[in-house]
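Reading through the structure tokens given below for one structure.
Residue numbers (my numbering): 20 to 295.
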């Protein structure tokens, strides 16, 4: 019988993370009464020592948030193809044979969240932003977009990076200036990956009938862009959709129990946000 019963989310800042609420709800729903899920404030410099000090006989896995998604890679024995492609690991599993394996559940989480809302294939798409989450969004779109993806960026360097990622993923990427970002919503699907307030200026220039929007923010919610798109009848997904779906995949990896308790984890996330 396995002795593994611990997991945690690591990052900095970490106090705002909903991961403990989601995973504790999953453990309860699965009847795993002896399991613990904690949070630890760590930066890149502290990560190697923390991982080295874990009793891996007890630890099932780790959730990684910024700024640790890239820093953890050298500490792992194996990294999935998806995580390699986007150069980001958000999930570490300690296997029974003592290996540390890394994966990125954001990509499949995005795909699964869209599938839940009936979006399984689109002829074109757009991404607002070019950071780590944008990379995961592009990898997700590689699975469901049959045409070109336009990425709206603020710098030539970011444009080059996203174009190169598109080549690795087999996606045709066109880059455009950030100031024209409102045009993204003319696409069948737009994934917005930027900080709060970044897209507020696009609201006035939205097309009359915007396409679907997946805005990865969950607090504050809704964003001005999400509220306006919803008001015009568009399908709108938020950051909680992504957070829950990627956490379900993590829960399955940590516990070995499938399917993960999606409804219980979503309810826990909604309750936690309502208290903020």
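Here a beta-carbon is modelled for each residue, glycine too, at the ideal position from N, C-alpha and C. For clarity, every value in this text was computed on a predicted model and none was experimentally measured.
| Query | Result |
| --- | --- |
| Coil, strand or helix - residue 211 by DSSP | strand |
| 6 Å CB neighbourhood of residue 243 in its chain, flanking five on each side removed | 219, 222 |
| Under the three-state DSSP convention, the category residue 262 falls into | helix |
| Boundaries of the alpha helix (DSSP H) in which residue 157 is found, first to last residue | 151-163 |
| Continuous alpha helix (DSSP H) stretch holding residue 293: start and end | 281-293 |
| Contact set for residue 130: own chain, Cβ-Cβ below 7 Å, skip 5 residues either direction | 159, 162, 163 |
| Beta strand (DSSP E) runs wholly inside the stretch 105-143, at least 3 long, in chain order | 110-113, 119-122 |
| Rounded distance between the beta-carbons of residue 272 and residue 112, thought under 8 Å | 5 Å |
| Beta-carbon proximity list for residue 178, same chain, < 8 Å, skipping 5 on both sides | 149, 170, 172, 194 |
| Touch test, the stretch 255-263 against the stretch 94-112, Cβ-Cβ under 8 Å, three pairs minimum | no |
| Distance CB(residue 229)-CB(residue 253) smaller than 8 Å | yes |
| Extent of the continuous alpha helix (DSSP H) run through residue 80 | Looking at the DSSP string, residue 80 is not in any alpha helix (DSSP H); the run it does join, the beta strand (DSSP E), is 78-83. |
| 8 Å CB neighbourhood of residue 76 in its chain, flanking five on each side removed | 22, 23 |
| Contiguous beta strand (DSSP E) assignments of at least 3 residues, all confined to the stretch 25-108 | 25-30, 55-60, 78-83 |
| Burial state of residue 82 (16 or more Cβ within 10 Å) | buried |
| Stretch-stretch touch, CB-based, cutoff 8 Å, three pairs: the stretch 36-47 with the stretch 60-71 | no |
| Contact check, residue 165 vs residue 140, beta carbons under 8 Å | yes |
| Simplified DSSP assignment, three categories, for residue 227 | coil |
| Range covered by the beta strand (DSSP E) that runs through residue 187 | Run containing residue 187: none in the beta strand (DSSP E); it sits in the alpha helix (DSSP H), 175-188. |
| Exposed unless 16 or more other CB atoms sit within 10 angstroms - verdict on residue 210 | buried |
| DSSP bridge partner residues for residue 233 (one or two, in chain order) | 210, 256 |
| Coil, strand or helix - residue 267 by DSSP | helix |
| N-terminal and C-terminal residue of the beta strand (DSSP E) that residue 195 is part of | 192-196 |
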